[in-house]
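Novice: Residue numbering for the sequence shown follows our numbering, starting at 1 and increasing by one per position. Just so it is clear, CB atoms sit at the ideal spot from N, CA and C, and this is done for glycine as well. All values derive from a computational prediction rather than experimental measurement.
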Amino acid sequence: MSFDPRTSFGPKVAASYDDRPLGDEEAAVARLAQLAGDGPALELAIGTGRIALPLAATGLRVDGIELSASMIEQLRSKPGGDALAVTCGDMSTVELPDRYRLVYVVFNSLMNLITQDGQVDCVANAARHLTDDGVFVVENVVPDPMYGLRQDRGGVDQYVDASHIDPERVSVEVGRFDRVTQRVDKCHIGLGGAGIRLDPLALRYVWPSELDLMARLAGLRLRARWGGWSGEPFDARSLRHVSVYGR
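#1: Grab me the residues of valine 138's own chain with a C-beta within less than 7 Å of its C-beta, minus the 5 sequence neighbours each way, in chain order.
#2: Report the partner residues of lysine 186 according to the DSSP bridge assignment.
#3: Work out the CA separation of tyrosine 159 and alanine 45 for me, nearest whole Å.
#4: Give the secondary structure of serine 249 by DSSP, where H, G and I count as helix, E and B as strand, and everything else as coil.
#5: Name the two residues that bound the continuous alpha helix (DSSP H) containing asparagine 125.
#6: Spatial neighbours of glycine 118 within its chain, please: C-beta separation below 6 Å, excluding the five flanking residues on both sides.
#7: In whole angstroms, what separates the C-alpha of glycine 192 from that of serine 163?
#8: In the DSSP assignment, find the alpha helix (DSSP H) that holds isoleucine 51 and state where it starts and stops.
#9: Rounding to the nearest angstrom, what Cα-Cα distance links arginine 76 and glycine 219 in this structure?
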């Protein structure tokens with residue numbers, strides 16, 4: 001499957017990206033505001049501003065880095081979107097002149113970097129942007145329940161998941177993944193009266209322990225890890241983690 005984040009997060013995806021809120025936005029903003037103190041804050045893969053805009057509404061200065069021009073355009077169309085300083089570029093390499101009390105990347109966006117080197121570079125880049133007392137926050141899925149319990153068919157691990165079914169519309173996710181490279185190639189498929197819609201995506205899943213080592217390479221250490229934005233305990237049944245790193 002061919003994948004280019006510049007096109008895979010294009011106008012169609014950007015226009016519908018916020019159609020279904022995850023429901024944890026309020027808790028995420030409250031936690032990030034607490035960790036940011038007086039700020040400023042930097043969001044990597046800021047997207048359409050789902051988190052950045054309400055965080056900025058608390059009075060905190062929030063800057064962003066985003067690879068997709070379409071996502072930035074969608075952010076700009078929202079109230080307050082023009083007030084955020086957003087740089088279009090790769091979050092693993094773009095370096096801004098300022099330093100931040102909080103740098104964060106949410107909703108599995110670290111996995112949009114589809115090589116281990118890219119993820120390592122991103123964590124190092126986040127560390128470079130921190131003040132001495134700053135923290136780097138990552139929200140990410142725990143791979144075990146997402147990709148570890150699938151069947152191997154003909155030497156290829158793959159899955160089909162029906163995420164939505166009603167009389168008017170069906171949404172299906174299909175994917176294949178490589179346990180060696182940890183790369184997942186998947187496609188969200190929408191079936192309905194308007195026809196068929198395909199939204200391809202490639203990811204590289206990363207284990208919490210692997211992320212901890214990436215942070216250590218960047219001079220950071222794990223300070224806290226929760227199972228969600230409300231501070232839920234992180235344990236063997238957690239489907240995601242919110243990890244906080246600092247020097």
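Specialist: Per the coordinate set shown:
#1: Taking the first residue of the sequence shown as position 1, residue 138 is located at position 138. Within the same chain, Val105, Leu110, Leu211, Ser243 come within 7 Å of valine 138 by CB-CB distance, once the 5 residues on both sides are set aside.
#2: Within the sequence shown, numbered from 1, the residue matching residue 186 stands at position 186. Per DSSP, Gly175, Leu201.
#3: The residue given as residue 45 occupies position 45 in the sequence shown. The residue given as residue 159 occupies position 159 in the sequence shown. Rounded to whole angstroms, alanine 45 to tyrosine 159 spans 27 Å at the Cα level.
#4: Only positions 1 to 247 of the chain appear in this structure, which leaves residue 249 out of reach.
#5: Within the sequence shown, residue 125 is the residue found at index 125, counting from 1. Looking at the DSSP string, the run of the alpha helix (DSSP H) that includes asparagine 125 is 116 to 128.
#6: Position 118 of the sequence shown, counted from the start, is the residue given in the question as residue 118. Cβ neighbours of glycine 118 beyond the five flanking positions: Ser92.
#7: Working through the sequence shown from its first residue, we reach residue 192 at position 192. Working through the sequence shown from its first residue, we reach residue 163 at position 163. Spanning the two alpha carbons is a distance of roughly 14 Å.
#8: Walking along the sequence shown from the start, residue 51 turns up at place 51. It is not in any alpha helix (DSSP H) - isoleucine 51 carries neither H nor E in the DSSP assignment.
#9: Here residue 76 corresponds to residue number 76 of the sequence shown, with the count starting at 1. Here residue 219 corresponds to residue number 219 of the sequence shown, with the count starting at 1. One C-alpha to the other measures close to 34 Å.
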